[in-house]
């Protein structure tokens, strides 16, 4: 008979820390230490990290658990949540994620471990899926250009409002107010008001069905259908707004647009909304892919990412991110948005839902949803119960004077969640998962019988019925069987390089292990099927998990309070700056509106400062990469009474522990300013130093970097904001209930942001414990210094700190090599693809360089494989210098090499096919000999052509056949 304690001991015997950290064998550690010249990891760390910031005591987190124990604890938390039939609506709907999509995309590491497609040659699969998303949205909303997703519907409306304010040049409207229809989602109204207060423009909420208010209007925002459920003919108010020089945004439900006239056909300039109900679980509020589409002429003002079609060096059509000059790391304080991420993984799920169902399937789902709502409405009316609208799609607002609480409680007791509007009014929203039994049960709570009624058909104006085709491209009309769908998904994933195939050595964007045990719980129904506005009595498990995660993050960072609401790092930045702004205003220091930002900072810092109503003053960077002290002093003296904050990244954006960080913090504090420490590089601090203790007042953290939430091809992300106690009153509030929670401006539409992926970070911290997290940090430092030391003679490391050491990343300087040979950092990045590697970060933070971050999760064998590849590439650069071939005819400039390029019968290049396709040194991994060889689907892509000839919808299928 098996001994239970022996089984438990066996489960604990393989430490998760040993599986998370790639190089745990002492022989590997000794090899790396010998290369960097230190006798121990602690000796290296003690030299690299400045003494005056080191935390004096270890992290006091809960004891580490095994994978078995963590999953058991997650099961316990999940059991505390109560699943119900979700009829709350208000922008969030239950949906069915087709199993072929759930298993092969949402839960598949080939998709969720992929990075943002900045290297398009190795991202063609996810780019095609995102282009499908754009095409689907464009078709449904009736506008010609859509982006590749935004964060959530509420913040997408904010982006639309800001777009209208900068794009509207009409003299009579440019400085006018923004008018929001009263039937918008309440959380959307709260978000827009909060951003408007910081930026200083007027917002008016009005019933636009009664006409436009008086005064100059910059733009209006309408909802279709409204939160009340009403379907509107918006054409008259849109025409009236245009006559007065205003622009128009419509927040539209995509499923409803399969049946009713799309916003673009009614004259809207912009359409925004959520793609959540296209197969993306409720996730307690997120992550969900929002969308934005615009009329022609606005594409170069469109926030977020835009996938377009270009061609490669053989003339083959190829996808890439277009209009990249809008990226915030380039435009900084001139950026039109601070958005630096998207919800790529969720947009891909939504796009595949469209591929899976096709236009006919989507229309059938919409018709069924509407039929359920119509039967419910008819039953109530037959029973003498008043409903608010005769024209609706999926939502019925019911008027029950004085009885709302009673009915709400009875429904909840029976397992049905309705929307509480006020003491006299309830909302009921139907969705794809609704059954006739659901309709009958809910009708009975109002004293109605749904089995005895007939409906007349469409409960919306027949004049609004859609009469235009949509989603006509073959991709939406081909993959009807699961076999076809499965192969299509696999075909796309095979075109890409993700972390499941190779190291992704990206500086400034930590790409570490996303362990399967950490990912396991996110699709459990007890976590995934909870509505963000479900009553607290149903969400005890979620709130215990969130409270525990926030407490752990506070301990790790040394701050007093954490809010996990921001659903991206950029949103965390904004939340922190708004907290600083609120703090100054509460003290009467309304003149403090200057934000000091080092020239080397992340580009989103400056964009976020502008959106927080601050003016950016750039502080110069010294030749060694540190902040220029003299320039800092001068800027402080010039703006002493106006300084609101300084934003610094620590370790610095250059990958170094600057020894002067306390001096910088003290200088700004002495002038009355606050210190924002960007937490993008927290992977080099956890367990070693706490920003909340060495001078920071507020930081954002990237859970999608340091705390193992995967990047998903460019999102989801979570960017919690952590602050000291004096800023706590100004942390993000609850957009859906401004009276509930903190008093600051809300940042995301739901109270807990992208809660659905929080179990990943929670599990990572519980699996590692304080000691394990600290070991991970030390291992990341050792790996980065090993790479830097071994490559320094081939590609000089640009910046180092104490003892010639770097932090968790290093910058390789290619500028002199480029000057001598013409070989660029981009050439090296593309050549690495032939070795089966994703490129390091290109040209950031210094043009002509590559920033490398190996992370703690890569073992010595993979580090050496990367180093060897870089050394081989350095040899090819010498071949150019020596005249073996010109740079134009080198394997570097022709990289990456496709299979079709190397098997062509005409090979007239100055290097061999073998050097082109199999350049690696022999090893035991199979990479050099071809067993695991990755061939990119396209060659070097023409970026300039893609921007000149912007094609942002699926090209005709024959373009790829020819």
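Numbering (the working numbering), first residue to last: 10 to 971.
Virtual Cβ for every residue (Gly too), placed ideally from N, Cα, C.
None of the values given here were measured: they were computed from a predicted structure.
Asked                                                                                                                                                        : Found
Give the single residue among 422, 577, 572, 621 whose Cα lies nearest to the Cα of residue 594.                                                             : 621
Helix or strand or just coil, what does DSSP make of residue 361?                                                                                            : helix
According to DSSP, simplified to helix, strand and coil, what is residue 660?                                                                                : coil
For my contact list, residue 162 and residue 313 are in at a C-beta cut-off of 8 Å; report their separation, rounded to the angstrom.                        : With a Cβ gap of about 14 Å, residue 162 and residue 313 do not count as contacting.
Based on the DSSP secondary-structure assignment, which residues constitute the bridge partners of residue 624?                                              : 603
Counting only beta-carbon separations shorter than 8 Å, does residue 553 have a partner in chain C?                                                          : Looking at the structure shown, chain C is missing, and only one protein chain is on hand.
Secondary structure at residue 492, three-state DSSP: helix, strand or coil?                                                                                 : helix
Cβ of residue 530 within 8 Å of Cβ of residue 536?                                                                                                           : yes
Nearest by alpha-carbon distance to residue 309: which of 345, 277, 791, 646 is it?                                                                          : 345
Here's the rule I'm using: 16 or more other beta-carbon atoms within 10 Å means buried, otherwise exposed. How should residue 949 be labelled?               : buried
For the beta strand (DSSP E) containing residue 688, name the first residue and the last one.                                                                : 683-688
Is there contact between the stretch 780-793 and the stretch 620-634, where contact requires at least three CB pairs shorter than 8 Å?                       : no
Does the contact criterion of 3 or more C-beta pairs under 8 Å hold for the stretch 607-616 versus the stretch 656-664?                                      : yes
Locate the alpha helix (DSSP H) running through residue 578, then write down its first and last residues.                                                    : 578-595
Residues in its own chain within less than 6 Å of residue 325 by CB, not counting five upstream and five downstream?                                         : 947
What is the DSSP secondary structure of residue 185, counted as helix, strand or coil?                                                                       : coil
Are residue 396 and residue 413 close, meaning C-beta to C-beta below 8 Å?                                                                                   : no
In terms of residue numbering, what span does the alpha helix (DSSP H) encompassing residue 839 cover?                                                       : 834-843
Have a look at 533, 532, 510 and flag the residue whose alpha-carbon is nearest the alpha-carbon of residue 522.                                             : 510
Residues in the same chain with beta-carbon distance under 8 Å from residue 670, minus the five sequence neighbours each way, listed in chain order, please. : 59, 62, 657, 659, 703, 704
Which of helix, strand or coil does DSSP assign to residue 470?                                                                                              : coil
On the DSSP bridge list, what partners appear for residue 300?                                                                                               : 282
In terms of residues, what are the limits of the alpha helix (DSSP H) holding residue 820?                                                                   : Counting along the chain, residue 820 falls outside any alpha helix (DSSP H), though it belongs to the beta strand (DSSP E) covering 819-822.
Take every Cβ of the stretch 861-869, pair it with every Cβ of the stretch 503-517, and state whether three or more of those distances are shorter than 8 Å. : yes
Can you name the start and end residues of the beta strand (DSSP E) that residue 790 belongs to?                                                             : From DSSP, residue 790 is part of no beta strand (DSSP E) but of the alpha helix (DSSP H) over 767-800.
Going along the chain, which unbroken runs of the alpha helix (DSSP H) with 4 or more residues stay wholly within the stretch 148-198?                       : 162-176
Are residue 68 and residue 814 closer than 8 Å when you measure CB to CB?                                                                                    : no
Can you grab the Cα-Cα spacing for the pair residue 150 / residue 236, in whole Å?                                                                           : 18 Å
For the candidate residues 131, 398, 294, whose alpha-carbon lies nearest to that of residue 758?                                                            : 294
Less than 8 Å between C-beta atoms, sequence neighbours within five positions excluded: which residues of the same chain meet that for residue 216?          : 190, 191, 192
Per the DSSP calculation, residue 406 is bridged to which residue(s)?                                                                                        : 436
Keeping to the same chain, check which residues put their C-beta closer than 6 Å to that of residue 488; ignore five residues upstream and five downstream.  : 364, 494, 497
According to DSSP, is residue 105 part of a helix, a strand, or is it coil?                                                                                  : coil
If you draw a straight line from the alpha carbon of residue 75 to that of residue 82, how long is it in whole angstroms?                                    : 10 Å
How would you label residue 802, buried or exposed, when you count the other beta carbons within 10 angstroms and need 16 or more for buried?                : exposed
For the stretch 563-579 and the stretch 734-746, state whether three or more C-beta atom pairs, one from each stretch, are separated by less than 8 Å.       : yes
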